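To start, the structure under review is shown below, and the notes come after it.
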Amino acid sequence: MKRIVLMLVALAGYALAQSELTSLAYEHNYELKALEAEVSALEKEVDISKIWENPMLSLGVNDIFLNEPLTRNKEMQNEAISLSQTIPTGGKLDIKASIAMQDVAIKKLELRAKKLEMQQEIGVLEQNYIRINQDLALVAKYEKILEDLKNAHLSYNTTAAHYVDTLNNTILQKNLAIEKKTLLRDKASIERKLESIIVAPVPEMSGHEGLLPYTLSDEEKLLEKTPKIQIQTLQSAKELLNLRYEKANKTPDVTVTLGYNRRQGRDDYAFLGVSVPLPIYGKENASIQKATLTHSASEQSVLNTHKQLLFELKDELLNKELQYDKLSLAKEVLHENEKMYEVLQSTALSQNDTLLSLLNVLAQMLEAQKQINAYSFAYNESVIKIYTLLGEPL
645 MKRIVLMLVA
655 LAGYALAQSE
665 LTSLAYEHNY
675 ELKALEAEVS
685 ALEKEVDISK
695 IWENPMLSLG
705 VNDIFLNEPL
715 TRNKEMQNEA
725 ISLSQTIPTG
735 GKLDIKASIA
745 MQDVAIKKLE
755 LRAKKLEMQQ
765 EIGVLEQNYI
775 RINQDLALVA
785 KYEKILEDLK
795 NAHLSYNTTA
805 AHYVDTLNNT
815 ILQKNLAIEK
825 KTLLRDKASI
835 ERKLESIIVA
845 PVPEMSGHEG
855 LLPYTLSDEE
865 KLLEKTPKIQ
875 IQTLQSAKEL
885 LNLRYEKANK
895 TPDVTVTLGY
905 NRRQGRDDYA
915 FLGVSVPLPI
925 YGKENASIQK
935 ATLTHSASEQ
945 SVLNTHKQLL
955 FELKDELLNK
965 ELQYDKLSLA
975 KEVLHENEKM
985 YEVLQSTALS
995 QNDTLLSLLN
1005 VLAQMLEAQK
1015 QINAYSFAYN
1025 ESVIKIYTLL
1035 GEPL
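So this is what it looks like as structure tokens:
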């Protein structure tokens, strides 16, 4: 039943089919499941970071006589029990909780970025699938044209002098047969690739041909909100928190110990102790210097990522316009070849030179239509990449 529903969705149009395949990937893909599990684990880390370290329980005995190790009634023998608790200072736990929350936010953005990359990969594969189906339809169309032309020529011209033109026709047909086999192999490869991404059987795909709509504007402004830049920005903010944490470490944590000592032959007593590490080796200052340099490096990473993505964006925008212009020119070339075909068609059966020209025009028409398919695919691929780069859903 589910497969029937998927087929109906696919037949409803390209956009719905794409959304369905993407939804299947989001639901079943193992890489996404791993990232989702990592998000859940980091969310637990936020709660853990707010918890104090466990207290330390100590039990001990003094004056164990080697000749009577189990004897505990001698003068001055004693047993002790104590409890130690480290008390964090300088707001360290709050800073650690903030760092943990930054890790969660970063991982969620990584998950979103991976979903966008998967959306792009699926979209490009589907567009390629559409192009292959268009090329297969062209091959079938021209195979029929060449076969009809060959049969008509042979019935109209029965002398051996016209046999060479029939061979030219046959060669074109053989080349089309080779191309058809290649296209079918590529189509099967795309289906297997999609199946590996969505981790489910691929529903029957049928999409609308033509160019994808492009509704974005002010792309450079949209780039500021793309997940890749947001990840670097949050990473820089996290490094700033790490710097604060290292500075807070200059104020050492305090360990308080409370105990009780039971003695033989004398009064029992309680004891209270306070322990503080002495920062005399300069480790804290070195850690602060390292954290400062790491934060500075993260700020440079933000600028570098923005610069790289801006270059990619401008390059894809230029490529989109280039493919559109090439598509327009290819349509004009096809139109001119179609007019030439109409002129030659009426005399092609009786004149060898005209038939040869007609075959050449047919080859040019086929090539022009394939170029139209290829340029349409390249245009749509750029549109998909731009939407993905800007973090926009298709």
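Following this note's numbering from start to finish, the sequence shown increments by one per residue and tops out at 1038.
All residues carry an ideal CB built from backbone N, CA and C; glycine is no exception.
Small disclaimer: the values here were computed from a predicted structure and weren't measured.
Item                                                                                                    : Value
C-alpha gap between glutamine 933 and lysine 865, whole angstroms                                       : 35 Å
Residue ranges of each beta strand (DSSP E) within the stretch 891-917, 3 or longer                     : 898-907
C-alpha gap between tyrosine 670 and leucine 755, whole angstroms                                       : 10 Å
Exposure of arginine 836, with buried meaning 16 or more beta-carbon neighbours within 10 Å             : exposed
Proximity to lysine 751 [Cα-Cα], best of Ala678, Gly704, Ser667, Ser942                                 : Ala678
Three-pair Cβ contact test at 8 Å for the stretch 733-752 versus the stretch 968-982                    : no
Within-7 Å CB hit, phenylalanine 955 to chain D                                                         : Among the chains in the structure shown there is no chain D, since it carries only a single protein chain.
Option nearest isoleucine 842 by Cα separation, candidates Glu770, Glu863, Pro871                       : Glu770
Three-state secondary structure assigned by DSSP to isoleucine 731                                      : strand
DSSP beta-bridge partners of alanine 685                                                                : Partner(s): none; alanine 685 has no beta bridge.
Rounded separation between isoleucine 815 and lysine 824 - CA only                                      : 14 Å
Own chain residues within Cβ distance below 7 Å of leucine 988, not counting five before or after       : Thr998, Ser1001, Leu1002, Val1005
6 Å CB neighbourhood of proline 896 in its chain, flanking five on each side removed                    : Val920, Pro921
Where tyrosine 1023 falls: helix, strand or coil (DSSP)                                                 : helix
Limits of the unbroken alpha helix (DSSP H) element including asparagine 706                            : Premise fails: asparagine 706 lies in the beta strand (DSSP E), 700-706, not in any alpha helix (DSSP H).
Nearest residue (CA-CA) to serine 827, options Gln729, Asn819, Asn777, Pro857                           : The amino acid occupying residue 827 in the given sequence is leucine; serine does not appear at that position. Ranking Gln729, Asn819, Asn777, Pro857 by Cα distance to leucine 827 puts Asn777 first.
Per-residue burial, aspartate 969 [other beta carbons within 10 Å of its own, 16 or more giving buried] : exposed
Enclosing alpha helix (DSSP H) for isoleucine 932 [first to last residue]                               : 927-989
CA-to-CA distance, asparagine 886 to alanine 692, given in whole angstroms                              : In the sequence under discussion, the amino acid at residue 692 is isoleucine, which differs from the alanine named in the question. Their backbone Cα atoms lie some 17 Å apart in a straight line.
Residue from Ala1018, Lys1029, Ile1030 whose Cα sits closest to the Cα of leucine 780                   : Ala1018
Environment of serine 940 [buried if 16+ CB atoms lie within 10 Å]                                      : exposed
Local Cβ density within 10 Å of glycine 854, reported as buried at 16 or more and exposed below that    : exposed
Closest by C-alpha distance to glutamine 746, when choosing among Asn819, Leu878, Lys759, Leu760        : Leu878
Cβ contact check for the stretch 898-916 and the stretch 952-967: 3 or more pairs under 8 Å             : no
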